[in-house]
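Undergrad: Chains as they are written, first to last, in numbering that gives the first Met the number 0: chain A, 0 to 273; chain B, 0 to 273.
Number of protein chains: 2
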Amino acid sequence: MNPTPGSPDAALTAAAEAARTAYARARAAHDRATLAEAVAEGADGTPTMRIDRIVEDAVLRALEPHHVNILSEESGWIDKGSEVSLVIDPLDGSANGAAGVPLTAFAGAVAIAGEFTEAYTVWLDTGRSWWAHREVPTPYRTSGRTELAGAALSLLRPHTSVPGPAAAWWAAASRAARVRILSTTCLEAALVAEGAIDAFADACSDTHRLVDLAAAAVMVTRAGGAVLDVRGRPLEFDTDLTRRWSGVVAATPQLGRELAETLRTAADTATAGS
Amino acid sequence: MNPTPGSPDAALTAAAEAARTAYARARAAHDRATLAEAVAEGADGTPTMRIDRIVEDAVLRALEPHHVNILSEESGWIDKGSEVSLVIDPLDGSANGAAGVPLTAFAGAVAIAGEFTEAYTVWLDTGRSWWAHREVPTPYRTSGRTELAGAALSLLRPHTSVPGPAAAWWAAASRAARVRILSTTCLEAALVAEGAIDAFADACSDTHRLVDLAAAAVMVTRAGGAVLDVRGRPLEFDTDLTRRWSGVVAATPQLGRELAETLRTAADTATAGS
Numbered sequence: 000m001n002p003t004p005g006s007p008d009a010a011l012t013a014a015a016e017a018a019r020t021a022y023a024r025a026r027a028a029h030d031r032a033t034l035a036e037a038v039a040e041g042a043d044g045t046p047t048m049r050i051d052r053i054v055e056d057a058v059l060r061a062l063e064p065h066h067v068n069i070l071s072e073e074s075g076w077i078d079k080g081s082e083v084s085l086v087i088d089p090l091d092g093s094a095n096g097a098a099g100v101p102l103t104a105f106a107g108a109v110a111i112a113g114e115f116t117e118a119y120t121v122w123l124d125t126g127r128s129w130w131a132h133r134e135v136p137t138p139y140r141t142s143g144r145t146e147l148a149g150a151a152l153s154l155l156r157p158h159t160s161v162p163g164p165a166a167a168w169w170a171a172a173s174r175a176a177r178v179r180i181l182s183t184t185c186l187e188a189a190l191v192a193e194g195a196i197d198a199f200a201d202a203c204s205d206t207h208r209l210v211d212l213a214a215a216a217v218m219v220t221r222a223g224g225a226v227l228d229v230r231g232r233p234l235e236f237d238t239d240l241t242r243r244w245s246g247v248v249a250a251t252p253q254l255g256r257e258l259a260e261t262l263r264t265a266a267d268t269a270t271a272g273s
Numbered sequence: 000m001n002p003t004p005g006s007p008d009a010a011l012t013a014a015a016e017a018a019r020t021a022y023a024r025a026r027a028a029h030d031r032a033t034l035a036e037a038v039a040e041g042a043d044g045t046p047t048m049r050i051d052r053i054v055e056d057a058v059l060r061a062l063e064p065h066h067v068n069i070l071s072e073e074s075g076w077i078d079k080g081s082e083v084s085l086v087i088d089p090l091d092g093s094a095n096g097a098a099g100v101p102l103t104a105f106a107g108a109v110a111i112a113g114e115f116t117e118a119y120t121v122w123l124d125t126g127r128s129w130w131a132h133r134e135v136p137t138p139y140r141t142s143g144r145t146e147l148a149g150a151a152l153s154l155l156r157p158h159t160s161v162p163g164p165a166a167a168w169w170a171a172a173s174r175a176a177r178v179r180i181l182s183t184t185c186l187e188a189a190l191v192a193e194g195a196i197d198a199f200a201d202a203c204s205d206t207h208r209l210v211d212l213a214a215a216a217v218m219v220t221r222a223g224g225a226v227l228d229v230r231g232r233p234l235e236f237d238t239d240l241t242r243r244w245s246g247v248v249a250a251t252p253q254l255g256r257e258l259a260e261t262l263r264t265a266a267d268t269a270t271a272g273s
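1) Which of the residues in the segment 157 to 182 of chain B, read from start to end, lie with their CB under 8 Å from any CB of chain A?
2) Answer yes or no: does any C-beta atom of chain B fall closer than 7 Å to that of A195 (chain A)?
3) Flag V248 (chain A) as yes if its beta-carbon sits less than 7 Å from any beta-carbon of chain B, otherwise no.
4) Once you ignore the five residues that flank A259 (chain A) on each side, which residues in its own chain have a CB closer than 7 Å to its CB?
5) Is there at least one non-hydrogen atom of the ligand GDP closer than 6 Å to the beta-carbon of S204 (chain A)?
6) Using a cut-off of 8 Å between C-beta atoms, extract the partners of L190 (chain A) located in chain B.
7) Cβ of M0 (chain A) less than 7 Å from any chain B Cβ?
8) Using beta carbons (cut-off 7 Å, strictly below), is T125 (chain B) in contact with chain D?
9) Decide if R179 (chain B) is buried, meaning its Cβ has at least 16 other Cβ atoms within 10 Å, or exposed.
10) Is the segment 52 to 66 of chain B in contact with the segment 166 to 185 of chain B, if contact means three or more CB pairs nearer than 8 Å?
11) Specify, as a first and last residue, the run of the beta strand (DSSP E) that A214 (chain A) falls within.
12) What's the call for H207 (chain A), buried or exposed, on a 16-neighbour Cβ count within 10 Å?
13) Taking only runs that begin and end inside the segment 116 to 198 of chain B, name each unbroken alpha helix (DSSP H) of 4 or more residues, in chain order.
14) Assign L59 (chain A) to one of three DSSP states: helix, strand, or coil.
15) Where does G343 (chain B) land, buried or exposed, given buried means 16+ other C-beta within 10 angstroms?
16) Between the Cα of P46 (chain A) and those of A:A94, A:G80 and A:R24, spot the shortest distance and give me the residue it belongs to.
17) Quick check on D78 (chain A): buried or exposed, where buried means 16 or more other Cβ atoms within 10 Å of its Cβ?
18) For G143 (chain A), count the other beta carbons within 10 Å of its own beta carbon; 16 or more makes it buried, fewer makes it exposed. Which is it?
19) In terms of residues, what are the limits of the alpha helix (DSSP H) holding S93 (chain B)?
20) Are A17 (chain B) and V58 (chain B) touching if we call contact CB-CB under 7 Å?
21) Output needed for G163 (chain A): all residues of its chain with C-beta closer than 6 Å, excluding positions within five of it in sequence on either side, in chain order.
22) Closest by CA to E40 (chain B), which one among B:R263, B:L240 and B:Y22?
23) So, helix, strand or coil for P101 (chain A), using DSSP?
24) Who are the Cβ neighbours of H132 (chain B) in its own chain at under 7 Å, not counting the five residues just before and after it?
25) Please tell me whether V135 (chain B) and D8 (chain B) are closer than 7 Å, where the distance is taken between their beta carbons.
26) Taking only beta-carbon positions, decide if A14 (chain B) is within less than 7 Å of chain A.
27) Helix or strand or just coil, what does DSSP make of M0 (chain A)?
28) Alpha carbon to alpha carbon, how far is V121 (chain A) from L11 (chain A)? Give it in angstroms, no decimals.
29) DSSP state of E16 (chain B), grouped into three classes?
30) Determine the closest residue to A189 (chain B) out of B:A250, B:D56, B:A112 and B:E63, with distance taken between C-alpha atoms.
31) Can you look up T47 (chain B) in the DSSP assignment and give me helix, strand or coil?
32) List, in chain order, every chain A residue whose beta-carbon is nearer than 9 Å to that of A110 (chain B).
33) Quick check on D197 (chain B): buried or exposed, where buried means 16 or more other Cβ atoms within 10 Å of its Cβ?
34) Report yes if the C-beta distance between G222 (chain A) and T137 (chain A) is below 7 Å; otherwise report no.
35) For A151 (chain B), go through chain A and note every residue whose CB falls closer than 9 Å to its CB, in chain order.
36) Inspect the CB distances between the segment 147 to 154 of chain B and the segment 24 to 41 of chain A and report whether three or more fall short of 8 Å.
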């Protein structure tokens, strides 16, 4: 057995540092249109922006000496036959990063024999970081809020042209006291973990992949909160990046359940009526 | 005549530095509930949070040696009989600041004989700053976008229970390619000035006061953009802080007019139908 760790896994920190350096260099070297250009289709089935490719390439290079398996947004599953797997979003908030909105994150989680053990999130624009391990006491505490009415909520942007998700978004926004859209799931999850916001959700658009939610699952749970899916799909280690969730990241299990129920009911009602 | 300035007005920078120090100390000294507590009613007619009071008090103290008139969010108009007036939002994004969402700004504009001449915005959580003077070339250029369809838009949060503003919010969000809610008008205006987002608006909720828009009016206009009001009310220096606008801050005058028209038409249609 390893002793209980007191600092982030060396592979995770190497990956995060590489992401931060590559992100800064990409921003300095290219204009917005070049960074946002679709250069490939990612393993998750969505277009890869050039800035995604640059940051992920740097992360993969940095991880070569570490001999760990990697599940990453653009490249998908890289099997090194290790017990240890890293689930990584090298550049969360790609659209922010390409445009120059300073809200982007590296987020990574370690899975050992299929179980998530620790998570590390770095705000790439400032260097601020959050680390949590399931066997180590954490300084992060969620707000402890249990009710959606009056909550400070973050959401993915509304999908206004799709009746179910559109109705779900509006229903949640109508019950919350505050609504934000920062367009960076991993930073928003870190803010839930430390209690700055009460909850974050994908309003039934099935946008989230495991790389968006793995770090949250470790960190927010450790801080007293909950990470679940609107439709109850289990959030588990899986090497198939085409799987999707509508993630709910909440200060407490009660708030998570109420938010998921609010979203699901509104979406189903709108879909049945359309 | 003064020579053409090459750096921000000394009173503005003194005020910004005081705001940054007071904000950091307040965050370190108090918990969220204490910072968010309403301690008075501000000159603009809305409740003053303790964190607003702390930051504004520090700014006013720092400005005492400068003998300028001050229009500030909580205290209102302080007349020192000077030709020079500062229009200041000591802590834009108060709710972010009280909760720990790291998106808050100091924003100030200088008015000389009633005409705005320069603006200075500081992101209090990072120290990053933006300065513009109407007689000095600026490095900031807006994105140049002229159409709402496909734009990257920031909005104040939706007022879901008020039919006009609710409809206006949804109409604008439905035409844009991206929507963000950062809950800090002054930072969002700076992002429009440098081209990271295409436009920002208050969707007909008449939330904006002069202190929210004065810096934007100087900086975004200088960068090629436009600042207007959804209802065409002129944005001008005025010592009455109860005046309200629904501000539109856009990369170009064309985009500003289209966004204002979209918001106004949707609001008026919803109001006529309710």
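We put the beta carbon where it would ideally sit given N, CA and C, even for glycine.
Small disclaimer: the values here were computed from a predicted structure and weren't measured.
TA: Walking through what the data contain:
1) Result list: P157, T159, S160, W169, A172, S173, R177, V178, R179, I180, L181 and S182.
2) Chain B contact via Cβ: present.
3) No, V248 (chain A) lies away from the interface with chain B (no Cβ there is under 7 Å from its Cβ).
4) Spatial neighbours of A259 (chain A) in its own chain (CB-CB distance under 7 Å, excluding positions within 5 residues in sequence) are listed in chain order as L227, V229 and V247.
5) Looking at this structure, you won't find the ligand GDP or any other ligand, since it has none at all.
6) What L190 (chain A) touches in chain B: G99 and V100.
7) For M0 (chain A), the pLDDT reaches just 38, beneath the cut-off of 50, and the residue's location in the model is therefore unreliable, although a value from the coordinates is still provided. In terms of beta-carbon proximity, M0 (chain A) stays away from the interface with chain B, with every pair separated by 7 Å or more.
8) Here the protein chains are A and B, and chain D is not one of them.
9) So R179 (chain B) counts as buried.
10) Contact fails: fewer than three Cβ-Cβ distances are below 8 Å.
11) Where A214 (chain A) is concerned, there is no enclosing beta strand (DSSP E), although the alpha helix (DSSP H) it sits in stretches over L209 to R221.
12) By the neighbour-count criterion, in which a residue is buried when 16 or more other Cβ atoms sit within 10 angstroms of its Cβ, H207 (chain A) is buried.
13) Here the runs fully enclosed are 162 to 174 and 184 to 192.
14) Helix, per DSSP.
15) Outside the shown range of chain B (0 to 273) lies residue 343 (chain B), about which nothing can therefore be said.
16) Considering only alpha carbons, the answer is A:A94.
17) With fewer than 16 Cβ atoms within 10 Å of its Cβ, D78 (chain A) is classed as exposed.
18) G143 (chain A) should be labelled exposed.
19) S93 (chain B) -> alpha helix (DSSP H) spans S93 to A98.
20) Yes.
21) Around G163 (chain A): C203, A266, A269 and T270.
22) For E40 (chain B), the closest alpha carbon among the candidates B:R263, B:L240 and B:Y22 is that of B:L240.
23) Coil at P101 (chain A), not helix or strand.
24) Excluding positions up to five away in sequence, the list reads P4, T116 and E117.
25) By the CB criterion at 7 Å, V135 (chain B) and D8 (chain B) fall outside the cutoff.
26) So no, A14 (chain B) is outside the interface.
27) With a pLDDT of 38 at M0 (chain A), under the threshold of 50, the predicted position of this residue should be treated as unreliable, and no value is reported.
28) Between the alpha carbons of L11 (chain A) and V121 (chain A) lies a distance of about 10 Å.
29) E16 (chain B): helix per DSSP, three-state reduction.
30) Closest by alpha carbon: B:A250.
31) Three-state result, T47 (chain B): strand.
32) Within 9 Å Cβ-Cβ: nothing; A110 (chain B) doesn't reach chain A, min ~29 Å.
33) Burial call: buried.
34) Going by the sequence as given, residue 222 (chain A) is Ala instead of Gly. The Cβ atoms of A222 (chain A) and T137 (chain A) lie closer than 7 Å to each other.
35) Here the neighbours are A94, A98 and V100.
36) With contact defined as three or more Cβ pairs closer than 8 Å, the segment 147 to 154 of chain B and the segment 24 to 41 of chain A are not in contact.
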